[in-house]
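As you go down the protein sequences, you meet chains H, E and L in turn.
Residue numbering for the first sequence is 1 to 371, as defined by our numbering.
Residue numbering for the second sequence is 1001 to 1373, as defined by our numbering.
Residue numbering for the third sequence is 2001 to 2559, as defined by our numbering.
Even for Gly, the Cβ is constructed at its ideal location relative to N, Cα and C.
All values reported here derive from a predicted model rather than from experimental measurement.
Worksheet: one structure, shown below.
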Amino acid sequence: MTPQRAVILWLTAALLLLAACVPPVGVGPTAEPSPAAATPTPVAAQTLVLMSHDSFAATEDVIRQFETAHNVKLEFLKAGDAGEALNKACLSKDNPLADVFFGVDNTFFSRAIGCDIFEPYASPLLADIPDDLKLDPQSRLLPVDFGYVNVNYDRRWFAEKGLAVPQTLRDLTKPEYKGLLVVQNPATSSPGLAFLLTTVAHFGETGSYTYLDFWRDLRANDVLVTDGWSEAYFSHFTVGSGGEGDRPLVVSYATSPPADVYYSEGAKTEPDSGNLSPANATFRQIEFIGILRGTKQRALAEKLIDFLLSPTFQEDIPLQMFVYPANRNAKLPDLFVQFAEVPQQPVQLAPEQIEANRERWIEAWTDVVLR
Amino acid sequence: MAQLEVLQVSKAFDATPVLREVSFAVEAGELVCLLGPSGCGKTTLLRIVAGLEQPDSGQVRFEGQDLAGVPVHRRGFGLMFQDYALFPHKSVAENIAFGLRMAPKEQRLDRQSLQRRVAEMLTLVNLVGYEDRRVHELSGGEQQRVALARSLAPRPRLLMLDEPLGSLDRVLREELMLELRHILKRVGTTALYVTHDQQEAFAIADRVVILQRGRVEQVGAPAAVYRRPATPFVARFLGMQNLLPGRVVALTPQPTVATAVGTFACAGCAPEAAVGAVVTVVIRPDAAAPAASCADGDRRNCLEGTLTELSFRGSQVKIECAVGELGPRFTFDLPGAAAASLPAVGEPLRLRLDPDGVVLLPAGEENSRTDVQ
Amino acid sequence: MYLPRAWRALYLLPLAFMAAFYFYPLLSILQLSLLPGGQPDLSGFRALVERPYLRGVVWFTVWQAAVSTLLTLLLGLPAAYIFAHFEFPGKGLLRALTTIPFVMPTVVVGAAFTTLLGPRGVVNDLLQAALGLDRPPVNLLYTLWIILLAHVFYNATVVVRIVGDFWANLDPRLGEAAAVLGADRWRVLREVTLPLLLPPIAASSLLVFLFCFTSFGVILILGGPRFSTLEVEIYRQAVNYFNLPLAAVLSLVQLVITFAVMAAYTRLQARTSLPLNLRPRSSIAHRPANAREWLAVGAVITLLTAVLVAPLAALAVRSVTLGEGPPSLRFYQALTVNRSQDIFFVPPVLAIRNSLVFSAAATVLSLALGLISAYLLTAPGRAAGRLARWLDPILLLPLGTSAVTLGFGYIVALGRPPLNLRTSLALVPLAYTLIAMPFVVRTLLPALRRLDPGLREAAATLGASPTQVVREVDLPLIWRGLLVAAVFAFTISLGEFGATLLLYRPAYPTMSVVIYRALGQPGLVNYGQALAMSTLLMLVCLGSLLAIERFRVGGQGEF
C-alpha cells in the first residue's frame, strides 16, 4: 500500500469514528430554525406529539403556521403501516406514545374504537365535513381525508394493442385480459384488502356468482398477486416500472394518475395511466384522526385536530398524500380537477361488518387464489 | 544408477532464486542429509522432491522415471514435516493409519492387516498403548515419533524428513537422533533428511549435501567432508575459523604455502593451483599439538604466538592463539590431556600443525563454487 | 480466556443488556398476549393444533431455511477457499461487493431481481433474442427458487467471511501431509480440510439458518403471497388481525426451534472443537500458478458475479437509465430537491450521515458487548463453563425472534422510567446491537479460543499488567476476528435489520427511510429516487467496508 493510500484510508476511518461520536442530525421541526423562523421563539414552547402511519406527509410551511400560532413544537412519530401503527397505539393504551393519532382508516375503524384509545372531541370543523364520511357519532375518530381504491390501466398500452379497456369488474375475467392484472394480497396490503372488500360488496357472498367465483375466474385468467403495493406498482405495472413490468392493469388508487404526472418532473402533461371506476366497483378509504386517551395536553391536542381539519392543512393534503381532503371548503389543486376522477357510487360496507368478517374473507380468498 | 536423482533443479520465488541448478543423487537405502544454514533452499528442495512445489527447470528422477507430472499423492514418498503436521482431529492410531487408507484400491490393506501394521509401527517407535490418544495430549517427543510412524507406515519408497528434531530440547535431540538413525536403518528405507545442524547431520547421515544460497557446495561422507571441506563456506559452516590467505610456493614433495604467519605444508591435498597462485589456507581446529620449540630442523607447520584464551571442556581444551599484536587469532581443540603441557594465558605458545589438518582452497569469494565434487 | 480481575464487573454489561432489551420486553408482550388480565388465553395453542395450515407454515419455514443454508454453503465455501488461497486483481473490491447485499432493503433487491430475471428482464431478453422464443423462458418470480436464490444472495457473505478467515489461518501443511501420504485433492478435502473447518462452517451455517428461518422481506416481496414463514405469519396475525395470542404462540414456536437448533449446534461444536495450533500467518494467498488454478478462481468469480454482483449492478445501471431519454443522473439530482416543501424531506447527505452515525454507534456498542461476552464464554472454571452453556444460546436468541413481537414488547415494556426508551433515539443502536451481537460473538469466539495461554503468561512474566496483557497480546491477536465482527455489526446496522422493532422518528431519517418513502407513492421520479438512493447506499457501504478492512494494529497481516 502506498503512503498516500494509507493516509486516505486512515482519514476515512477517522471520519467514520468522528461520525460515531456526533449525534444524528434532525430535519423538520427539530432542526435549527429556518431563516424565516429565525425570530427568537419564546422560551418553553410546548411539545405535542403526532403519531401516524409511515405515509403521513405535509408541507413544512403549513406545519410551521400551526407551531407559530400556538407556540408549540410538533413532534412526529411514525409507527409502520396503518395496521401496525394502530396496534402500537392500542398496546400503549395505558401510557400513550403521543397526543394525537393520524390515519385510522375505515377497515381498521372498529378495531380502533374497540381498543378504546380515543377521547371524544366534537370539533367545530366537523360542520364542514360531509356526513357520509362521519362514522363515529361520538366523534372519537374524525374523518380527515379519503381516497378510492380502483383499477388503474396503462392508456398507451391499450391504445397500441387496439384493445378495449375493461368496463366492469367481471370483464377482468375475460380471455382477452388474461395475464394483464396485478393485485395485492389482502392479508398484507391495504389496497389489496380494499379491492377484496370491493369484490365482496360487488358480487356478494351468496347467489349464483359470488366474490369467490369471481376470484376463481381471475385466478384462471392468470392474475398476479404481490404482497405489497410497491412491488405491484413499481415492479409489474407497465407505467409504474418505466416499461419493465408486463401488467397493464393494477389495483391502485384513483389518484395515482395525477401522481404519475406530478412525479414525472414535468416530462408528462397528462398521465400514462387511467382509472377504471365502474359504478359500485370501487372502495372508498376514509382516514380518521383522534385525540389519544390520556394526553396531558388536551387543549393543544384539540387545536391540532382543528388545524388538521382546517382548509390550510386540508388543501395541503392532495399533493402531499394524494388523497382527497375531507373538508368540503378545501380547494382541490388543478391536477386533481383535471386527472383524478371521483368514482361514483363506491361500495358500501360498514366498518363493523369489515372487522367481523375480515379474517374469514381473507382466509377464503387465500384458499381460492393462493392454494 | 542412483535411486533418486536431482538434476539441475532451479526454482525462484517472485524472481528471487531459491535453488540454482542443484544436482545430487541418492542410492537405494542411503540416508542423505541436506545441510545448510536457514534460507539456503533445503526445505524448498525437499518440497520439490515431494511434489509440493514444481521446479522452474531441471528434473527429479526416481528409479529412472521423471517425476514431473506425477502428483504428490502418487509418488509414494513419505514426508515428515517440521512441527509434524499431525491431524488434530484424529487419534494417534488414525494418524498412523491415514496413509494406509489412502493407498490405491488394489493395494489397500484389509481392516486387520491395517490394524496390525499400525501396531507394528507403534512398536517400532516405542509408543505401544498410545493408539487412542489425541495428538494434542502428546509431548513433543511423542508427537515426533507419531509423525515418524505415520510417514513410515505406508512403506514409502523414499522418506523425507524436514528438521524432524528442530523443535525438541537438546537432551531429547541427542537421544532421538541416534534412535532415528537406528529406526531408519532397520527399516532400510531411502531417506532424505533436512537439517541446519552439522552435528546432527554428521551423526545421522551416510552422506551430506551442503547447500548455500541455493547451490550445492559439497557432497560427501561426513568424515570426508570434515577432513576436506571443499570451499571456504563449507569450512566456516563446519565450525572452522582458521582461514587465512597464502601463496603456493612449492608443489613437491608436498604442496606448500607461504602466509603472513609462516609456511605450511599440506598432506593429501591435490593442488589445483600452480606455484605462485593465491589460495585460502584452512587450518582445522584439530590439527595442532603443543610443541617445545620450532627452532629445530623444519620450521614449516609451526605456529608461534601467545596463548590468549583457554577453556577446558573435559575431553577437550579449546584454546586461542594470537600471532603478533594485531595478527590473526587461531582457535584449536586439543586433547584434554594436553592441558597440562600448556603455558599460562598470556605466555608464548608454540604449536606444531599436522599437514593432514591443513587444507588449501581456491582464493576469492567464499560463497561461490562453480564445480561440484 | 479471562479478563483482568478489576474488569470482571464488565461481565454484567451484556447480561444486563440482554435482560433489559430482550427478555424484559419479550416476556412483557408474551404475558400480555397469553395471560391478558391474568387469565390464560389458550386460543393460540388451539389454533396451532386445529389448523393444519399453520403446521405447514412451521414445516416450510424450517425446510426452506435448511435448503437455503445448504445452497449458501455451496456457493460460500468455494468462494471462501478462493479468497483465502489466492491473490487476484480486484480481490478486495469483490469481497466488499459480496457483503453489500447484506445491507440492501428487500424492496430494492426485489426490483433488482425483477430487472434481471423478470418476464421483461435482461436474462429473458437475451435468451428470447438468442433462442428466438416468443415467451420469456425463465419464470422465477414468485417461485421457491427465487426465495432460495435471494437467501444465497443475502447470506453468502456470512460463509465467505467466517469460514474464509479461518481457512486463511489453517496450517497448509496438514493438507500437504495428507497429500504426501497418498490422498488426492478430494480426499484431502474430505478427510482433513472439511473436518478441520467444521467449527466455522457450523457457526456460519447456524447464523445463515437463523437469518433464513426468520426471513420476512424476501418471502413477502420475492416469494409472493403463496409462501409464508413463521415470521410472515406472526406479522399477519399481529398486525392485520391483531390476534396477539396466536402471534405469541407462533413466536414461541420460533423460539423453541431456535433453541433446538442452538442445542444441536452446541453439541456439534463440543465434539468438533480442537485446540488447533492456528498461527496467524501473514498470508498464504498466492497468485494462481497454473491454468487449473486460474480456472477455479475464474469459475468462482463468475459465479459470485452472477449471483451477488449482477443484481447490484442491474440496480445501479437502472438508476441512471430508468425512463426515457439517454442515461443521466437526474434521479440523483432529484434526491436533493424538495419540490413539494415536504416537512419530512431529507437531503441525501443528511440521510447518509445519519445512517453512518447510527451504524458506527451500533458497531462500537456491539463490539464492546460482544467482546465482553466472548471473554465470559471462554472464561476458565466450572462455574463459568456452566454459565457459558446457557449464555451462548441465549445470546443467539434475538436472531430467532420475531421482530414484530419484540417491537410490540418494546412498546409495552419500555414506557416507564428508568427504561423510558420507546421513542428514544438511543433505542436505534440498541436494537441493532441486539441483532449484531450474535455475529460479533460467533466471530470472536474462535479467535479467543485460539489464543495460546502461554503468550499471556509470557507477557505477564515480562511485567505486563493484566490490562496490558489484554491490550498488548489479546487484542492484536484477535484483531482479524474483530475486523470481521466489525464488518458484520456495521452492515447489519446499515441494512437496518431490526428496524421494524422500532418507532421511527422522521426527524432522524436514514438512507433506508428515504428509499421506503420514495417507494410509497406512484410516479417515475419516486421509483428513480429509490434506485438512486439504493445505489448511494451501496457506495457508502462499499466505501465503509474498504475502510474498515484497512484498519491495522500491531503489524497484523492483511484481512
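Residue i classed as buried or exposed, judged by whether at least 16 other C-beta atoms fall within 10 angstroms
i: Tyr233/H; result: buried
i: His53/H; result: buried
i: Arg2281/L; result: Here Arg2281/L scores only 48 on pLDDT, less than 50, and its place in the model is too uncertain to base an answer on.
i: Pro1037/E; result: exposed
i: Ala2202/L; result: buried
i: Tyr209/H; result: exposed
i: Gln138/H; result: exposed
i: Glu60/H; result: buried
i: Asp105/H; result: buried
Beta-ladder partner(s) of residue i, from DSSP
i: Ala1025/E; result: Glu1005/E
i: His2286/L; result: Phe2086/L
i: Ile286/H; result: Phe146/H
Partners in chain H for residue i, counting only beta-carbon separations shorter than 8 Å
i: Met2067/L; result: In the sequence under discussion, the amino acid at residue 2067/L is Val, which differs from the Met named in the question. The premise fails here: Val2067/L is roughly 21 Å from chain H at the closest Cβ pair, so nothing lies under 8 Å.
i: Tyr2527/L; result: Phe234, Gly240, Ser241, Gly242
i: Gly2520/L; result: Asp54, Ser55, Ser230
i: Ile2411/L; result: Lys88, Leu91, Ser92, Leu97
As assigned by DSSP and simplified to three states, the class of residue i
i: Arg2505/L; result: coil
i: Phe1062/E; result: strand
i: Cys1302/E; result: strand
i: Phe2017/L; result: helix
i: Gln1254/E; result: coil
i: Ile2082/L; result: helix
i: Cys1269/E; result: coil
i: Gln1241/E; result: coil
i: Gly1069/E; result: coil
i: Gly103/H; result: strand
i: Cys1033/E; result: strand
i: Asp154/H; result: strand
i: Ser55/H; result: coil
i: Arg219/H; result: helix
i: Phe195/H; result: helix
i: Val1208/E; result: strand
Amino acids of chain E, ordered along the chain, whose beta-carbon sits closer than 7 Å to that of residue i
i: Arg2187/L; result: Met1102
i: Pro2195/L; result: His1089
i: Asp2171/L; result: Ala1085
Partner residues on chain H for residue i, Cβ-Cβ distance less than 9 Å
i: Ser2340/L; result: Ala57, Thr59, Tyr262, Leu319, Gln320
i: Tyr2504/L; result: Asp54, Leu77, Lys78, Ala79, Gly80
i: Thr2143/L; result: Near Thr2143/L there are no residues of chain H at all, since even the closest Cβ is about 13 Å away, more than 9 Å.
i: Thr2423/L; result: Val49, Glu75, Leu77, Leu97, Ala98
i: Arg2449/L; result: Chain H residues near Arg2449/L: none, gap ~28 Å exceeds 9 Å.
Interface residues of chain H facing residue i [CB-CB closer than 7 Å]
i: Tyr2024/L; result: In chain order: nothing, as chain H lies at least about 15 Å away.
i: Phe2242/L; result: Asn87, Arg111
Interface partners of residue i on chain L, CB under 7 Å
i: Ala63/H; result: Looking at the sequence provided, one finds Ile at residue 63/H rather than Ala. The answer, in chain order, is Ile2343.
Partners in chain L for residue i, counting only beta-carbon separations shorter than 9 Å
i: Gly1099/E; result: Ala2178, Val2180, Leu2181, Gly2182, Ala2183
Neighbouring residues, chain L, relative to residue i (Cβ below 8 Å)
i: Leu1079/E; result: Glu2176, Ala2177, Val2180
i: Val1072/E; result: Glu2176, Ala2179, Val2180
Any 3 or more C-beta pairs closer than 8 Å across the segment 128-139 of chain H and the segment 90-98 of chain H = These segments do not touch.
Meets three-Cβ-pair contact criterion under 8 Å: the segment 272-289 of chain H and the segment 253-263 of chain H = They touch, by the three-pair rule.
Are at least three pairs of beta-carbons, each pair with one atom in the segment 2119-2138 of chain L and one in the segment 2071-2089 of chain L, less than 8 Å apart?
-> No contact exists between the segment 2119-2138 of chain L and the segment 2071-2089 of chain L.
Using 8 Å as the threshold, is the segment 1345-1364 of chain E in touch with the segment 1281-1293 of chain E, meaning 3 or more CB pairs across them?
-> With a cut-off of 8 Å, the segment 1281-1293 of chain E and the segment 1345-1364 of chain E count as touching, because enough Cβ pairs lie within range.
Counting Cβ pairs closer than 8 Å, one from the segment 2176-2189 of chain L and one from the segment 2225-2236 of chain L, do we hit at least three?
-> They do not touch, by the three-pair rule.
Does the segment 1118-1128 of chain E come close enough to the segment 2139-2152 of chain L that 3 or more CB-CB pairs lie under 8 Å?
-> Not touching, per the Cβ criterion.
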